[in-house]
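To start, the structure itself, in structure tokens.
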Amino acid sequence: LSVLDAAKAADILCFVLPLCKPDQAALAGVKKGGALEAYLSDAVDEAGRQFITLVKSQGMPAVVGILQNLDVAPAKHHSALKKQCANFFTEEFGQGTKMVVDE
């Protein structure tokens, strides 16, 4: 509840989307083209989804999306992961959302 109060009073909200390195077993069972999902699978948990829903309902300040831990993915996936994360931030927080990459 205090997080919602802080978001209500904030001028800018920073939303961090951390990539996680999937284990080899998870990658082995992934269909072609689905490897990106494995890096984002645990990025937003249920509490994070609830926070997004609640803060949207009370009105949001400007949002800056931060993509964290890009270095856990192979370089060949960086561009696609950045694009997928940018799409996530736009879908969840709107067109005015800025995204930065913490490398």
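Just so you know, the sequence shown maps onto residues 511 to 613 in this note's numbering. We put the CB at the ideal spot given by N, CA and C, even for glycine.
Practice task
From the DSSP output, read off the bridge partner residues of ASP612.
Solution key: GLN578.
Exercise for the section: Along the beta strand (DSSP E) that carries LEU527, what are the first and last residues, could you check? Expected result: First-last of the beta strand (DSSP E) with LEU527: 522–528.
Handout entry: Limits of the alpha helix (DSSP H) - the one that GLN594 falls within
Key = That run of the alpha helix (DSSP H) goes 585–603.
Problem - LYS566 versus LEU523, VAL610, GLU613, residue with shortest Cα-Cα distance - result: With distances taken between Cα atoms, LYS566 lies closest to LEU523.
Handout entry: Buried versus exposed call for LEU564 [16 or more other C-beta atoms within 10 Å across all chains shown]
Key = exposed
Problem - Length of the line joining the Cα atoms of LEU591 and ASN597 - result: 10 Å
Problem - Of the listed residues SER589, GLN568, HIS587, nearest to PHE603 (C-alpha basis) - result: GLN568
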